[in-house]
Structure formats: C-alpha cells, structure tokens
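Trainee: Everything in the sequence shown is counted per the working numbering, starting at 10 for the first residue and increasing by one.
The beta-carbon is built from N, C-alpha and C at its ideal position, and this holds for glycine as well.
There's a structure below that I have some questions on.
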Amino acid sequence: MSHNILITGGSGYLGGSLLAGLKGANLPPYSTLYALVRTDDQAKAVRQYAAEPLQINLSSPESITSTIINKQITIVFHLYDAIDIDNPSTFIKALSQVKQATGQEVHFLYTTGAKLFSEFAGAPTDKPLLDTDAELYAIQKKQVDTAPIPFMSQGVQANNLVIEEAEKNGVRAYIFAPCIVYGKGTGFGNKISIQTVGIVRIAKAVRKVYDLNEGKPTWPVCHIDDNTSLYVEILRAALQDRDIGHGKQGYYLASSGSVAWADIYEAMGKTLKERGAVDVEGVHVGPSVEEMGKMGEALGSPPELVRWATGGACTLTAENGAKIGWKAKYPKEHVLEFADAEVDWILTNLGK
Ligand SMILES: NC(=O)c1ccc[n+]([C@@H]2O[C@H](COP(=O)([O-])OP(=O)(O)OC[C@H]3O[C@@H](n4cnc5c(N)ncnc54)[C@H](OP(=O)(O)O)[C@@H]3O)[C@@H](O)[C@H]2O)c1
C-alpha cells in the first residue's frame, strides 16, 4: 500500500507554499494527497495542487480519528497551531491504528516555532543550541517550568507531548521549527509571514522603527523556499520509509544561519522610509508608553508582547536538515539584501 498524505494549513503562508512546492519536488509515488480545508473556496483552490480537499472538525476527536482511519492516512503534516496541546495526540493515536491495520509505517510532523527554543520559552541562549543536540528533549522538558510566558510553556509542552505520544504509539514524529521565515509565499492564501510583517505593522503604527532589545540578539532566518524544501525532504524520506531521525532525535530547524534583529530593523527601516511608511530614518530606542500601546494595538496584543513578536534571542542552530541532504539556497545575509522587496511585498499584501 502506498502512502496517503494529509497536509493542514494549506491556506496559510507555510502550508500554501508547501502545497505549491510539491509539484516540482519529484517525490516518490504516493496514493492520495489530502489538504485540510475550512471553506468551499479553499476546497476549490487546493485542487490545483492535485490535492483532495478534506473537512475535519478539529474540535471533535471523533472527527479526526474517523477521517484518518477511513482514509487510511499514513502521513500527517500539522501546520496550523504551534501551541496545540489538544489535537496532536488524537492524530497520533489514529495514525497508530492505521499502522496496526495496514502494517505501514506512519509519520506525524508537528510545526512548532523557533520561539519555543528562545529566551521567551526559557531556552538557553548563551551558546548555539543545535537541533541535533541529544539533550534537546531534556532541555525542553525543563523549559516547561522555566518559560517566562505561560503560553510559551504550553507550546513547549505541545512539542514534548508529540514526542512522548508518538513514542508510546509507534509513530515517527518530527518537530519542525520555522524561524524568521521571509520571502514571497507561493500558496493560494496568505502570502506573507509573521515576524517581518510584525516589524512593518509596528513601524507603521508609530511612524518609526524601534529596537526594543537589549544588546544585539540574533535569531535564525530562512527564505520561504528553503523552509518549504526542508518540509519536502522530510516528506520524501517518509514516503521512502527512510528513518532520518524522529522523536527525541527528530527536531528540524529550517535555517541558513542567524542574523541580528538590529540589522533586520535597519535594512527594513530604510525601505519603510523610502516608501513613506515611517517619518524618520534609522532605528530608535526608548519608545514612550503611548507608542508601546500603539505598537501592541497594531499586533493585536498587549504592549509587553511587542518585543516577543519582533525581537529576542534564539540560538537554535540547524544541523539536522543537512544530515538528510537538505541545503539552503539562500545564505543568511539574503534576508538583509531582500529587505526592500520584503517590505514592498508586505505593504502590498497587508490586510488582504
Ligand atoms: N511564518 C513563520 O515565519 C512561522 C514561524 C514560526 C512558526 N510558525 C507557525 O507555523 C504555523 C503556520 O504558520 P503560517 O505562517 O503558515 O500561518 P498562517 O499563514 O496564518 O496560516 C495558518 C493556517 O492555519 C489554518 N488554521 C488556523 N486555525 C485553524 C483551525 N482551527 N483549523 C484548521 N486550520 C486552521 C489557517 O486556515 P484558514 O485560512 O482557514 O484560517 C491557515 O491555513 C503557525 O502555527 C505559526 O505559528 C510560522
């Protein structure tokens, strides 16, 4: 029996780009590609990628279980909620049942975020934190209690739960960590990312670019095409039933290296000024309380979370992808060289 795949989040930036990227990926043969959808328009749109639309009521464990079992789905890519502690175990248990019924290896990829490996989630940031570190699971277990922000603790718990449930149920799990992903989304839905979009939103709100960090913290970066190609390589390995490292050895960061936020602010700020989206040049410090309020409003979050959304320290470092033959096409400096195009792309697509 060949594999049946379910991709979720297909109307999103990462998931849409993944669906679009499958066409030219020259993957081994599989049976059916399903895409989770929530609307009729999405159902129509995913057919262009030769995907069968699938509606699942994600608030109903029965709906998830019966769909996975009835469709004999053997590979699930979860790309819709980085702090989901409810559904992964249901998907994993259902995949395990398919494995028992068919004898086929089953795979669950969970999309987390580099943020769950950052200062905001209580991760160490004093040296590179390799995604191949044999202690990474133990580190994440400790973070549950040390994460300074409660929903970050939930996200870390979600990662741990995926690994534990998958181990218990004989499912191969992969914890996929996107970082600052930038570049033109190629899917049918959302075409813009998160952090670079946050930088534009808050700058527009106060007509100035602020650096809220202390020191010059860095964060891993990745072009959307490279992020997609790591998803594809993991999918290729799953289709070939190749064991590339899963569970406690299955953390995958897609990144070509780390860049200082200050350099990203400066590069994007230059174009924001040229496009008239801010009034003053340069990167500034010390916003007023009123400005912090406006920046929070622009992100739909309290002012205390503005730096969380658009700054901070994360030393997570990509090693695992290279071990399975993945290589980034774009070097880390590209995020700075591309900053003007990124700003234009965001300004064009904001609010769409
Ligand atoms: N982009 C990045 O740089 C980045 C970095 C780190 C982590 N991540 C994480 O990766 C995931 C995907 O990111 P993204 O940039 O692709 O986000 P996005 O563009 O906002 O897309 C989110 C996707 O999830 C779907 N979704 C949301 N809630 C859902 C629900 N209850 N049931 C079914 N589908 C649901 C959305 O469907 P609708 O269109 O129907 O709403 C959409 O397809 C997110 O969890 C994000 O936090 C992203």
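Any heavy atom of ligand 2 closer than 7 Å to the Cβ of residue 57?
Mentor: Within the structure as shown, ligand 2 is missing, the only ligands being ligand 1.
Trainee: With burial defined as no fewer than 16 other Cβ atoms inside 10 Å of the residue's Cβ, what is the status of residue 97: buried or exposed?
Mentor: buried
Trainee: Is residue 19 near ligand 1, judged by its Cβ being under 7 Å from some heavy atom?
Mentor: Answer for residue 19: yes, Cβ within range of ligand 1.
Trainee: Can the beta-carbon of residue 281 be found closer than 8 Å to that of residue 36?
Mentor: no
Trainee: Where does residue 273 fall in DSSP's three states?
Mentor: helix
Trainee: With a threshold of 7 Å (Cβ to nearest heavy atom), would residue 180 be considered close to ligand 1?
Mentor: no
Trainee: Determine which residues share a DSSP beta bridge with residue 119 and list them.
Mentor: Partner(s): 87, 184.
Trainee: Residue 58 by DSSP, collapsed to three states: which one?
Mentor: helix
Trainee: What do you get for residue 10, buried or exposed, if any count of 16 or more other CB atoms within 10 angstroms of its CB means buried?
Mentor: exposed
Trainee: Which value, in whole angstroms, describes the spacing of the CA atoms of residue 146 and residue 342?
Mentor: 30 Å
Trainee: Quick one: any contact between the region 205-223 and the region 303-318, if contact means 3 or more CB pairs under 8 Å?
Mentor: yes
Trainee: Using only the alpha-carbon positions, how far apart do residue 168 and residue 246 sit?
Mentor: 21 Å
Trainee: In the DSSP assignment, what are the bridge partners of residue 286?
Mentor: DSSP output for residue 286 lists no bridge partner at all.
Trainee: Please report the distance separating the alpha-carbon of residue 364 from that of residue 266.
Mentor: This structure cannot speak to residue 364, because the chain is shown only from 10 to 361.
Trainee: Grouping DSSP H, G and I as helix and E and B as strand, with all else coil, what is residue 243?
Mentor: helix
Trainee: Could you spell out where the beta strand (DSSP E) holding residue 232 opens and where it closes?
Mentor: That run of the beta strand (DSSP E) goes 227-232.
Trainee: State the start and end residues of the unbroken beta strand (DSSP E) segment that holds residue 39.
Mentor: Per DSSP, residue 39 belongs to no beta strand (DSSP E) and is neither H nor E.
Trainee: Work out the CA separation of residue 294 and residue 92 for me, nearest whole Å.
Mentor: Rounded to the nearest whole angstrom, the C-alpha separation of residue 92 and residue 294 is 31 Å.
Trainee: Beta-carbon separation of residue 110 and residue 161 under 8 Å?
Mentor: no
Trainee: Looking only at DSSP bridge pairs, what is residue 326 linked to?
Mentor: 139
Trainee: Among all the DSSP beta bridges, which residues are the ones paired with residue 218?
Mentor: 292
Trainee: In whole angstroms, what separates the C-alpha of residue 188 from that of residue 318?
Mentor: Just so you know, the alpha carbons of residue 188 and residue 318 end up roughly 12 Å apart.
Trainee: If you run the structure through DSSP and keep just helix, strand and coil, what is residue 266?
Mentor: Strand.
Trainee: Tell me the DSSP bridge mates of residue 44?
Mentor: 16, 62
Trainee: I need the DSSP call for residue 339, collapsed to helix, strand or coil.
Mentor: Collapsing the DSSP output to three states places residue 339 in coil.
Trainee: Just the Cα atoms here: how many angstroms apart are residue 80 and residue 15?
Mentor: 10 Å
Trainee: Count the other CB atoms, across all protein chains shown, that sit within 10 Å of the CB of residue 284; report buried if there are 16 or more and exposed otherwise.
Mentor: Exposed.
Trainee: Nearest by alpha-carbon distance to residue 26: which of 327, 261, 237, 351 is it?
Mentor: 237
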